[in-house]
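What follows is one structure encoded as structure tokens, with my remarks underneath.
In our numbering, the protein residues as written are 40 to 516.
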């Protein structure tokens, strides 16, 4: 029987422990998988462009690249050719309208005066006729009816007298006929008496006819009175029509003057607006204090509204810097908001200080072109260096972890960081952890499908709404 040396047992146990520890690490351990790109440290909304608000020709550029300005300083002056042309046209139109208005008011005044004179003459004539008609109508009726009544009484009296003679003369004719039959009187005398009898009856019939004519005359007097009343109504209606005509004339004059005044006011307001626009926009004013990174404008250049004249780096020391990174598309598409990032400034030794820790807060949904990166950074040379010949990249923005205990004010991965401050515009290398894999999956990749923790833990409470897309030059995904 062979006895194993205790030292051999110890070595065997140690080797077994190492093997077991290696197996455990290969399963339970995690190796970070990272992607790397280039980036720059910037302050949020630090770079902004200044534009022309109107169309025109640059008459003077008062600044140059690298010059620092204060808020409200004049950067350039523009001669707004289009606005001045519009102003001249509006002023000419205003003068023409004033002349037309003056002439129109003179003609309107003359026409109105003529029509009012005619109206006043017609009104005076109608009023006189109305007064005469109203005064004479009852008088004429009363006089006419009185005359008829007087004639009626006279005729009735004559009729009574004539009627009383008829029986007397009839009796005399009868008596004379008896006497003539006896031969007491001659025939001629009888004929004279009979003629007088017949004349009496005719007188009665004539008077009765005259009485009937008086009835017709009385009716005619009433008819003439009613006609006078109707004439009075017609005269009053004509007077009312004259009043309405005078009112319409006044309203037409008022409407014409109001329309002219409104046209004058509209053109005057347009002139005021154009003058105000020229005064307010003919000078390009610095919206913030800062330093000019680039000036793209030259005197004599014709610009349109929105033409970028240059880029201004604002001075705002209170904002916290953020890391802006640009990665190849194949790497950038694997990055998600919330992933851990290390930003290694080019001005520090990575082996000594490591990098600044942070979390990805925004990733571009589409590739970022050089133009987009230039709008975000504002320096063409810097953009050329960051993109390193790539025509399009994926852009990311990262929030850096603050640490008040370090000189730089940020938390570092390997130490307390350098003693000097990290300033905006510093280029850097960005390294993003996209996943953490168990070591054994590198040897047996199929085991990765069974891993329960293949992705790195995302940073919690990462605010995404604090970002400005216009500053980054891309949209978040």
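Where is the CB? At the ideal position from N, CA and C, for every residue including glycine. Every value quoted in this text rests on a predicted model; they were computed, and no experiment measured them.
Problem - Close-in-space but distant-in-sequence residues of the same chain around residue 329 (CB under 6 Å, 5 per side omitted) - result: Cβ contact annotation for residue 329 (same chain, cutoff 6 Å, sequence separation greater than five): 351, 352, 353, 354, in chain order.
Handout entry: Simplified DSSP state of residue 446, which is helix, strand or coil
Key = Three-state result, residue 446: coil.
Exercise for the section: Name the one or two DSSP bridge partners that residue 118 has. Expected result: Beta bridge pairing from DSSP links residue 118 with 96.
Practice task
Quickly, what does DSSP pair residue 76 with across the bridge? List them, please.
Solution key: Looking at the DSSP assignment, residue 76 forms a beta bridge with 469.
Practice task
State the DSSP-derived secondary structure class of residue 291, mapped to helix, strand or coil.
Solution key: Three-state result, residue 291: helix.
Exercise for the section: Using beta-carbon positions only, say whether residue 447 and residue 433 come within less than 8 Å of one another. Expected result: The answer is no: Cβ separation not under 8 Å.
Problem - Segment contact flag, the stretch 210-227 with the stretch 156-165, C-beta cutoff 8 Å, min 3 pairs - result: Because the criterion of three Cβ pairs below 8 Å is not met, the stretch 210-227 and the stretch 156-165 do not touch.
Problem - Whether residue 467 touches residue 79 by CB criterion (8 Å) - result: Contact flag set, yes.
Problem - Pairwise C-alpha distance: residue 103 and residue 97 - result: If you take the alpha carbons of residue 97 and residue 103, they lie about 14 Å apart.
Problem - Start and end residues, beta strand (DSSP E) containing residue 397 - result: Element bounds for residue 397: 395-402.
Practice task
Give a yes or no on whether the C-beta atoms belonging to residue 292 and residue 147 are separated by under 8 Å.
Solution key: Yes, these two residues count as a Cβ contact at 8 Å.
Problem - Pairwise C-alpha distance: residue 408 and residue 396 - result: Pairing residue 396 with residue 408, the inter-Cα distance amounts to about 27 Å.
Exercise for the section: Starting from the C-beta of residue 429, find all residues in its chain whose C-beta is less than 7 Å away, skip the five residues before and the five after it, and write them out in chain order. Expected result: Counting only Cβ-Cβ distances below 7 Å, and skipping sequence neighbours, we find 367.
Practice task
Tell me residue 370's beta-bridge partners as DSSP assigns them.
Solution key: The partner list for residue 370 (beta bridge, DSSP) is empty, contrary to what the question assumes.
Problem - Between the CA atoms of residue 283 and residue 275 - distance to the nearest angstrom - result: A direct Cα-to-Cα measurement between residue 275 and residue 283 gives close to 12 Å.
Handout entry: Limits of the beta strand (DSSP E) - the one that residue 382 falls within
Key = Taken as a continuous stretch (DSSP letters only), the beta strand (DSSP E) holding residue 382 covers 379-384.
Practice task
Decide if the stretch 112-123 is in contact with the stretch 135-154; the criterion is three or more beta carbon pairs, one per stretch, under 8 Å apart.
Solution key: The stretch 135-154 and the stretch 112-123 do not touch, with fewer than three beta-carbon pairs separated by less than 8 Å.
Exercise for the section: Could you tell me which residues DSSP puts in a beta bridge with residue 431? Expected result: Answer by DSSP bridge pairing, in chain order: 408.
Handout entry: Close beta carbons around residue 256, own chain, < 7 Å, minus the five adjacent residues each side
Key = Correct list, in chain order: 187.
Practice task
Determine contact between the stretch 117-125 and the stretch 314-333, defined as no fewer than three beta-carbon pairs at a distance below 8 Å.
Solution key: Taking a contact to require three or more Cβ pairs closer than 8 Å, the stretch 117-125 and the stretch 314-333 qualify as touching.
Problem - Chain-order list of residues whose beta-carbon lies under 7 Å from that of residue 335 (same chain, five-residue window excluded) - result: For residue 335, where only same-chain residues beyond five positions count, the Cβ hits under 7 Å are 347, 348, 349.
Practice task
Find the nearest neighbour of residue 273 within the set 423, 166, 254, judged by alpha-carbon distance.
Solution key: Cα-wise, what sits closest to residue 273 is 166.
Exercise for the section: Measure the Cβ-Cβ separation of residue 415 and residue 86 and say whether it is below 8 Å. Expected result: It is a contact, given that the beta carbons lie within the stated cut-off.
Problem - residue 104 (DSSP reduced to helix, strand or coil) - result: DSSP places residue 104 in coil when its eight states are reduced to three.
Problem - Euclidean distance between Cα positions of residue 128 and residue 90 - result: Across the structure, residue 128 and residue 90 are spaced so that their CA atoms are roughly 27 Å apart.
Exercise for the section: Count the CB pairs spanning the stretch 369-378 and the stretch 438-457 that are closer than 8 Å, and state whether there are at least three. Expected result: The stretch 369-378 and the stretch 438-457 do not touch, with fewer than 3 CB-CB distances between them shorter than 8 Å.
Problem - Residues that residue 426 bridges to, as DSSP identifies them - result: DSSP output for residue 426 lists no bridge partner at all.
Handout entry: Per DSSP, the bridge partner or partners of residue 334
Key = According to DSSP, residue 334 bridges with 349.
Handout entry: Beta-carbon proximity check, residue 403 vs residue 299, cutoff 8 Å
Key = No.
Exercise for the section: Inspect the beta-carbon positions of residue 469 and residue 76 and report whether they are closer than 8 Å. Expected result: Taking a C-beta distance under 8 Å as the contact criterion, residue 469 and residue 76 qualify as a contact pair.
Exercise for the section: Have a look at residue 71 and residue 420 and give me their C-alpha separation to the nearest angstrom. Expected result: Their backbone Cα atoms lie some 33 Å apart in a straight line.
Practice task
Kindly list the residues whose CB is nearer than 8 Å to the CB of residue 117, restricted to its own chain and excluding five residues on each side of it in sequence; keep chain order.
Solution key: Only 91, 93, 95, 96, 97, 98, 320, 321, 322, 323, 342 meet the Cβ criterion.
Exercise for the section: Over the uninterrupted beta strand (DSSP E) stretch that includes residue 340, give me the two end residues. Expected result: Boundaries cannot be given for residue 340, as no beta strand (DSSP E) includes it and DSSP labels it neither H nor E.
Handout entry: Length of the line joining the Cα atoms of residue 206 and residue 258
Key = Cα to Cα, the separation comes out at about 34 Å.
Practice task
Please determine if the stretch 192-209 and the stretch 232-243 are in contact, where contact requires at least 3 C-beta pairs separated by less than 8 Å.
Solution key: Yes, the stretch 192-209 touches the stretch 232-243.
Problem - Within 8 Å, strictly: CB atoms of residue 253 and residue 191 - result: One thing to note: residue 253 has its Cβ within 8 Å of the Cβ of residue 191.
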